[in-house]
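To start, the structure under review is shown below, and the notes come after it.
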Amino acid sequence: MKRIDIPVEPAGPPRVLVLFPRTSYRAGAFVEAGRRLGVDLVVGTDHRQALADLLPDRSLPLNLYRPEEALQRIEQAHRTRPFQAILGVDEPTVYLAALAGQRLGLPGNSAQSTRICWLKHLLRQRLSRAGLPQPPFQTLDIREKDLLSQLSLPFPLVVKPVFLSASRGVVRVNGPDELSAALDSLRDILSRPEVRRKDREYADLVLVETYIPGQEVALEGLLREGQLEVLALFD
0 MKRIDIPVEP AGPPRVLVLF PRTSYRAGAF VEAGRRLGVD LVVGTDHRQA
50 LADLLPDRSL PLNLYRPEEA LQRIEQAHRT RPFQAILGVD EPTVYLAALA
100 GQRLGLPGNS AQSTRICWLK HLLRQRLSRA GLPQPPFQTL DIREKDLLSQ
150 LSLPFPLVVK PVFLSASRGV VRVNGPDELS AALDSLRDIL SRPEVRRKDR
200 EYADLVLVET YIPGQEVALE GLLREGQLEV LALFD
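In case it helps, numbering that gives the first Met the number 0 puts the sequence shown at residues 0 to 234.
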């Protein structure tokens with residue numbers, strides 16, 4: 000990947016490009032935060048009209064599901080007036096923002112790390128290689144036949160698409176019949192064009208992992224140069 004080095008403009012507020020998919024519900028909060036911080040905020044989106052009222056004449060139309068095309072448009076905008084940072088707020092915009100940041104020489108997460116965190120089976124593989132505790136797991140390709148014969152894990156299990164977020168398609172199954180029904184449901188979800196375009200490479204993979212009983216909690220935080228700042232812990 001080529002890298003574009005352009006001098007940063009010294010005067011004026013920092014210019015930040017924030018990437019939103021049309022399905023995001025966070026746009027208003029980010030725009031308001033940018034105003035409070037005095038940031039020169041530009042929105043990159045695949046649905047310009049959704050943000051026209053929030054930031055008139057300050058949006059960059061992008062096809063978020065054609066990364067190279069989007070990167071070229073971002074690069075062109077950067078040449079006209081440089082960005083100091085590029086942020087993604089939802090999958091796949093986090094990955095696209097990392098790609099753009101690498102190409103333009105801006106600080107941020109590597110594209111590889113964001114993709115590993117986004118794709119559940121890659122994250123499991125990386126955690127396994129690092130020796131970290133996690134439930135036993137395996138991946139299944141829903142295009143293949145007789146998936147039950149490939150299963151090497153005991154019930155109950157959790158089945159989930161490898162690339163969808165917000166618990167979409169995640170289901171607990173207690174036996175073979177429930178697993179077959181869950182896989183049929185996932186085939187339906189993953190066959191939809193608006194879903195497949197999010198990650199065509201892994202659109203047919205599902206992650207199957209051993210169910211772990213107990214309370215489920217989520218941690219939100221910021222990791223800066225190896226130092227974790229915990230923002231919230233909730234169930």
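Heads up, the beta-carbon is just placed ideally off N, CA and C, and yes, glycines get one too. All values derive from a computational prediction rather than experimental measurement.
For Ser23, which residues from the same chain have a beta carbon less than 7 Å from its beta carbon, with the 5 sequence-adjacent residues on both sides left out?
Translated into positions along the sequence shown, residue 23 becomes position 24. Excluding sequence positions up to five before and after Ser23, its CB lies within less than 7 Å of the CB of Val88, Asp89, all in the same chain and listed in chain order.
Local Cβ density within 10 Å of Leu218, reported as buried at 16 or more and exposed below that:
In the sequence shown, counting from the first residue as 1, residue 218 sits at position 219. By the neighbour-count definition (other C-beta atoms within 10 Å, threshold 16), Leu218 is an exposed residue.
Taking the Cβ atom as the reference point for each residue, do Arg102 and Leu61 lie within a distance shorter than 8 Å?
Position 103 of the sequence shown holds residue 102. Position 62 of the sequence shown holds residue 61. No. Outside cutoff.
Just checking, does the segment 158-165 make contact with the segment 118-137 on the three C-beta pairs under 8 Å criterion?
Touching, yes.
Which residue comes first and which comes last in the beta strand (DSSP E) that contains Phe233?
For the purposes of this step, residue 233 is identified with residue 234 of the sequence shown, where counting begins at 1. Under the DSSP assignment, Phe233 falls in the beta strand (DSSP E) whose first and last residues are 226-233.
Hey, would you say Arg57 sits closer than 8 Å to Val38, going by beta carbons?
For this step, residue 57 is matched to residue 58 along the sequence shown. For this step, residue 38 is matched to residue 39 along the sequence shown. Against a cut-off of 8 Å, the Cβ pair of Val38 and Arg57 comes out as no contact.
With burial defined as no fewer than 16 other Cβ atoms inside 10 Å of the residue's Cβ, what is the status of Val250: buried or exposed?
Given a span of 0 to 234 for the chain in the structure shown, any question on residue 250 remains unanswerable.
Which partner residues does Phe136 have in the DSSP bridge list?
Residue numbering aside, residue 136 sits at position 137 when the sequence shown is read from its first letter. According to DSSP, Phe136 bridges with Glu208.
Taking the straight line between their C-alpha atoms, what separation do you get for Asp203 and Asp234?
Here residue 203 corresponds to residue number 204 of the sequence shown, with the count starting at 1. Here residue 234 corresponds to residue number 235 of the sequence shown, with the count starting at 1. Computed Cα separation, rounded: 30 Å.
Quick one, which of Gly130, Pro192, Glu193, Val157 has its alpha-carbon nearest Ser179's?
Here residue 179 refers to the residue found at position 180 of the sequence shown. It is Val157.
Sub-8 Å separation of Val194 and Leu139 beta-carbons:
Here residue 194 is taken as the residue at index 195 of the sequence shown, counted from 1. Here residue 139 is taken as the residue at index 140 of the sequence shown, counted from 1. Here Val194 is not near Leu139, since their CB atoms are 8 Å or more apart.
Cα-Cα separation between Phe29 and Leu59, rounded to whole angstroms
Counting from one through the sequence shown, the residue named residue 29 turns up at place 30. Counting from one through the sequence shown, the residue named residue 59 turns up at place 60. Distance between the alpha carbons of Phe29 and Leu59: 16 Å.
His46 and Arg21: beta carbons closer than 8 Å?
Walking along the sequence shown from the start, residue 46 turns up at place 47. Walking along the sequence shown from the start, residue 21 turns up at place 22. Going by C-beta atoms, His46 is nearer than 8 Å to Arg21.
DSSP three-state label for Pro155, please.
Your numbering for residue 155 matches position 156 in the sequence shown. Here Pro155 sits in coil by DSSP.
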